[in-house]
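These notes concern the structure reproduced below.
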Ligand code: GLY
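Numbering (our numbering), first residue to last: -19 to 308.
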């Protein structure tokens, strides 16, 4: 194992959207995110590559039924779950992903496997063939809360634009309460001890969408990295694609802006065009940044010295377009 030459950095998100409804929701989501940070940061400290850390972080978030990725994914309009995920390794500047994959526990694993293939982004049928080829076991990611949410929405003829951001227990007690749109996605961005960056993003999509709708999470618009910066986005996929947000921020850093400046400029533009989105990122100096135009962003970070998060932004009246960062 190589000895770390730089201090590893890690930032993760569990989606963006509407309020978490009070302290209890905040504490539960915080504890989920911090557990992931602790496990993945210790991997980085032990010498794991940025890509390996990102894949492990995505596994943990995909396995948490609270978040809309892997287990706990939202249902599409026809009641099926179709998931999308991508991985970008900044050191090779190589993107890979799957779009609308079904019956898989960890869509990010398919994206990771595709890093070595000449055809690196596969859609539904192709991802099923890949699963057969790799002998990935069939898995049902459905949880009851998401089924109830879909049944409720079907009863109302799909008036909502998207499913809830987090599968909260109170949704079971009172599904009618949960009417605000929000988009859950998970994302992990890491800088490893050798100074390499990677970004991974995974999602069940918006929820209640048309069959065949393609998410930004398996596009460079939603997940992008190079030698200088790595970004994972969350929010309404169409808004993220229209801004080409992840690639836009990375290109701005490549052209000389600091990470925070690149976030500030990109989020100001997004806000002007009334986009509903969020993003997290790290640059090669170890600077971290996060931003949102949506009501909330469920993000948390580990600098090696401290952990922090964005979960109380809405309580702090930090509404509208917000960008924050920490220097490297
Ligand atoms: N950002 C996730 C989606 O819109 O599919």
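Glycine included, each C-beta is placed from N, C-alpha and C at the ideal position.
Whole-angstrom distance between residue 278 and residue 10, CA atom to CA atom: Reading the chain shown from its first residue, position 30 is the one you call residue 10. Reading the chain shown from its first residue, position 298 is the one you call residue 278. In a straight line, the C-alpha of residue 10 is about 8 Å away from that of residue 278.
Examine the ligand GLY and report whether any of its heavy atoms sits within less than 7 Å of the Cβ of residue 186. Translated into positions along the chain shown, residue 186 becomes position 206. Relative to the non-hydrogen atoms of the ligand GLY, the Cβ of residue 186 comes within a distance shorter than 7 Å of at least one.
Considering only their Cβ atoms, is the gap separating residue 24 from residue -10 smaller than 8 Å? One-based indexing of the chain shown puts residue -10 at position 10. One-based indexing of the chain shown puts residue 24 at position 44. With respect to the 8 Å criterion, residue -10 and residue 24 are classified as neighbours on the basis of their beta carbons.
Let me know if residue 242 comes out buried or exposed under the rule of 16 or more other beta-carbons within 10 Å of its beta-carbon. Here residue 242 corresponds to residue number 262 of the chain shown, with the count starting at 1. So residue 242 counts as buried.
Taking only three categories from DSSP, how would you classify residue 221? As a working note, residue 221 is residue 241 in the chain shown. Correct three-state label for residue 221: helix.
Return the CA-CA distance between residue 58 and residue 184, expressed in angstroms with no decimal places. By 1-based counting over the chain shown, the position of residue 58 is 78. By 1-based counting over the chain shown, the position of residue 184 is 204. Linking residue 58 to residue 184 through their CA atoms gives a straight-line distance of about 14 Å.
So, with DSSP's three-state summary, where would you put residue 280? The sequence position of residue 280 within the chain shown is 300, counting from 1. Residue 280 falls in the strand class under three-state DSSP.
Where residue 191 falls: helix, strand or coil (DSSP): Stepping through the chain shown from its first residue, residue 191 is reached at position 211. The three-state secondary structure of residue 191, taken from DSSP, is coil.
Just list the alpha helix (DSSP H) runs in the region 236 to 292, keeping only unbroken ones of 4 residues or longer that don't cross its boundaries, in chain order. If you keep only unbroken alpha helix (DSSP H) runs of at least 4 residues inside the region 236 to 292, you get 239 to 252.
Rounded straight-line distance, which links the Cα of residue 237 to that of residue 182: Taking the first residue of the chain shown as 1, we reach residue 182 at position 202. Taking the first residue of the chain shown as 1, we reach residue 237 at position 257. Distance between the alpha carbons of residue 182 and residue 237: 28 Å.
Can you tell me whether residue 284 sits near the ligand GLY, meaning its C-beta is under 7 Å from at least one heavy atom of the ligand? In the chain shown, counting from the first residue as 1, residue 284 sits at position 304. For the ligand GLY, not one heavy atom lies less than 7 Å from the Cβ of residue 284.
Would you please state the rounded distance, in angstroms, between the beta carbons of residue 120 and residue 104? I believe it to be under 8 Å. Residue numbering aside, residue 120 sits at position 140 when the chain shown is read from its first letter. Residue numbering aside, residue 104 sits at position 124 when the chain shown is read from its first letter. Contact check for residue 120 and residue 104: beta-carbon distance about 16 Å, past the 8 Å limit, so the pair fails to qualify.
Taking buried to mean at least 16 other C-beta atoms within 10 Å of its own C-beta, is residue 250 buried or exposed? What you label residue 250 is simply residue 270 of the chain shown in a count that begins at 1. When all chains shown are included, residue 250 counts as buried.
Expressed to the nearest angstrom, what Euclidean distance is found between the alpha-carbon atoms of residue 6 and residue 98? If you number the chain shown from 1, residue 6 lands on position 26. If you number the chain shown from 1, residue 98 lands on position 118. It is roughly 42 Å from the alpha-carbon of residue 6 to the alpha-carbon of residue 98.
Whole-Å CB distance - residue 92 paired with residue 35, under 8 Å assumed: Residue numbering aside, residue 92 sits at position 112 when the chain shown is read from its first letter. Residue numbering aside, residue 35 sits at position 55 when the chain shown is read from its first letter. Right, the Cβ-Cβ distance comes to about 5 Å (below 8 Å), so this counts as a contact.
Should residue 195 be counted as a contact of the ligand GLY given a C-beta to heavy atom distance under 7 Å? By one-based count along the chain shown, residue 195 stands at place 215. It does: the Cβ of residue 195 is within 7 Å (strictly closer) of some heavy atom of the ligand GLY.
Sequence-distant residues of the same chain with beta carbon closer than 8 Å to residue -8, five excluded per side: Indexing the chain shown from 1 puts residue -8 at position 12. Annotation for residue -8: 13, 16, 17, 20, 37, 41, 166, 167, 168, 169, 260, 279, 280 and 281 place their beta carbon closer than 8 Å to its own, counting only its chain and skipping 5 residues before and after.
How about residue 71 and residue 171: are their beta carbons less than 8 Å apart? Stepping through the chain shown from its first residue, residue 71 is reached at position 91. Stepping through the chain shown from its first residue, residue 171 is reached at position 191. No, the pair does not count as a contact, with Cβ atoms beyond the cut-off.
Consult DSSP for residue 39 and reduce its assignment to one of helix, strand or coil. As a working note, residue 39 is residue 59 in the chain shown. Under the three-state reduction of DSSP output, residue 39 falls in the helix class.
Looking only at DSSP bridge pairs, what is residue 81 linked to? Stepping through the chain shown from its first residue, residue 81 is reached at position 101. As DSSP reads the structure, residue 81 sits in a beta bridge with 63.
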